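Chemist: Going by full-length UniProt numbering, the sequence shown runs without a break in its numbering and finishes at 369. Where is the CB? At the ideal position from N, CA and C, for every residue including glycine. Source: prediction; values computed, not measured.
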Amino acid sequence: MQWALTAMFLLALLAPSIMQFSGVELHRSDFELRLKAELPAFPQTMRDLSRLPKQFDRWYSDHFGLRATMIRAYVLAKYHLLGAIQVNKVVFGRDGWLFFTDADPTIDPIASYRGTTLLTQAELAEITVNLNAWDEWCRARGIVFALLIAPNKSMIFPEKLPPGLGPVPRPNRLAIFMEHMRQHATPLVVDPTPRLLAHKQERIYYKTDSHWTSLGAMYATQLLQEQMAPRLTAAGKDGIWAPLQLSDYTVTEIPRNGGDLAHMVILADDVQDVNMQLTPLHDRNATAVAAGVQRPRVVLYGDSFSVFLPEFLAQDFDIITTPQNQSLDPAFIEKQQPSLLIMEIVERKLPKLIDRTRSIRFLPQIQAP
């Protein structure tokens, strides 16, 4: 009996090394969505040699055998045995819903929803100055400028949050931001929260992912079209501005594995979610061509919530997309000569509007050349 226990103990000690050098991993090891440390090269100098221990430690910490399996076991034990509602940056909600959270309250969606972290008056003022300057710059070049806010998932489905994470009796950050924009901002600022709340019985957000589905993106685009059409018409832009309707599409639900949040806690293969595939029933581009209407051009800046937007905007526009999370670039925009400039940003990143719009302040003049 003692021999068996000793053997089991030695096997447990050696198992990670055996699995590491065999190259076998029981679960996916890319769940952290980051580049892992590389095996350090053989040192060539004394300086390289002095750095080797830390470099090797980083590499081994990322690659030791059964790492993903042990982290997954930790997640399951913490959730099922200890009743934890949060593991790392993932909150376990009701009915299998997962939510993103962050230790930094300025980008934490749940803190934003609860109103426990707000933009300061100085931040609101700086964002407004930058947006208004961009709007003036765009108007001088015949461009309509629109800012689209993608609401946090917790803003649309707060009832799916775990007990104890409901709102506090104060306005949330998005409500305060939008009220300030209505009073002081000149560009079009679109908040699709009411539109999405009206359709929350549909699959507009993933259960196990932090993003909206293509159906949610369609409703956001629909509202954007409705609100930007008068500005495009006033600016003398030709086009077909009839907003998209769900009846314009065939909607297909396609089962898929868990999304980014399930991936972060190594449960993507254990849970199911649904992709919404929207197939157009009519070619609005062909209708525009037949009517002799020239398709206007749009430059789209955005983050990961902008992924689905081009498929809907492309019904009426020629789309120029940019890499995600980029700051507005006056030289690039001017070169493209668009009719419309759209900047999408997810609600939790509202503070980053300061950096992503700051470039306008370094231009020597606003007027068109």
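Which residues in the same chain as L232 place their Cβ atom closer than 6 Å to its Cβ, once the five residues preceding and following it in sequence are excluded?
Modeler: These residues qualify, in order along the chain: V144.
Chemist: For F308, which three-state DSSP category applies?
Modeler: Residue state, collapsed to three classes: coil.
Chemist: Secondary structure at N130, three-state DSSP: helix, strand or coil?
Modeler: Of the three classes helix, strand and coil, the one that applies to N130 here is helix, per DSSP.
Chemist: Helix, strand or coil: which one does DSSP assign to L261?
Modeler: Helix.
Chemist: For T321, which beta-bridge partners are listed by DSSP?
Modeler: Partner(s): L300.
Chemist: Touch check for the region 332-339 and the region 290-310: three-plus C-beta pairs under 8 Å?
Modeler: Enough Cβ pairs lie closer than 8 Å, so yes.
Chemist: May I ask which residues mark the beginning and end of the alpha helix (DSSP H) holding D355?
Modeler: 353-357 is the extent of the alpha helix (DSSP H) around D355.
Chemist: My understanding is that T117 touches T106, with C-beta atoms under 8 Å, so please give their C-beta distance in whole angstroms.
Modeler: About 6 Å separates the two Cβ atoms, so the contact holds.
Chemist: Output yes or no for whether 8 Å exceeds the beta carbon distance between G258 and T208.
Modeler: Yes.
Chemist: Would V265 pass as an interface residue toward chain D - the criterion being a Cβ-Cβ separation below 8 Å?
Modeler: Any reference to chain D falls outside this structure, which holds one protein chain only.
Chemist: How many angstroms separate the CA atom of I204 from the CA atom of Q2?
Modeler: If I take the Cα positions, the gap works out to 58 Å.
Chemist: At the level of alpha carbons, what is the spacing between S154 and M46?
Modeler: Cα-Cα distance, rounded: 52 Å.
Chemist: Work out the CA separation of P169 and V274 for me, nearest whole Å.
Modeler: Their backbone Cα atoms lie some 34 Å apart in a straight line.
Chemist: When you compare the CB positions of L224 and V265, do they come within less than 8 Å of one another, or not?
Modeler: Against a cut-off of 8 Å, the Cβ pair of V265 and L224 comes out as no contact.
Chemist: Quick check on the DSSP output: the alpha helix (DSSP H) that includes A217 runs from which residue to which?
Modeler: A217 -> alpha helix (DSSP H) spans 214-234.
Chemist: Whose CA, out of I85, M218, F308, M178, lies closest to the CA of Q245?
Modeler: That would be M218, whose Cα lies nearest to the Cα of Q245.
Chemist: Given a cut-off of 8 Å, decide if W212 and A150 are closer than it, judged by their beta-carbon atoms.
Modeler: Yes, they are a contact pair.
Chemist: Which of the three DSSP states is assigned to Q86 in this structure?
Modeler: Here Q86 sits in strand by DSSP.
Chemist: Helix, strand or coil for D248 per DSSP?
Modeler: Note: D248 maps to helix in three-state DSSP.
Chemist: Keeping to the same chain, check which residues put their C-beta closer than 7 Å to that of P255; ignore five residues upstream and five downstream.
Modeler: Excluding sequence neighbours, P255 sits near Q272, V274.
Chemist: Whole angstroms are fine: how far does the CA of M178 sit from the CA of A235?
Modeler: Looking at the two C-alpha atoms, the distance is approximately 24 Å.
Chemist: According to DSSP, simplified to helix, strand and coil, what is Q2?
Modeler: Looking at Q2 - three-state DSSP - the assignment turns out to be helix.
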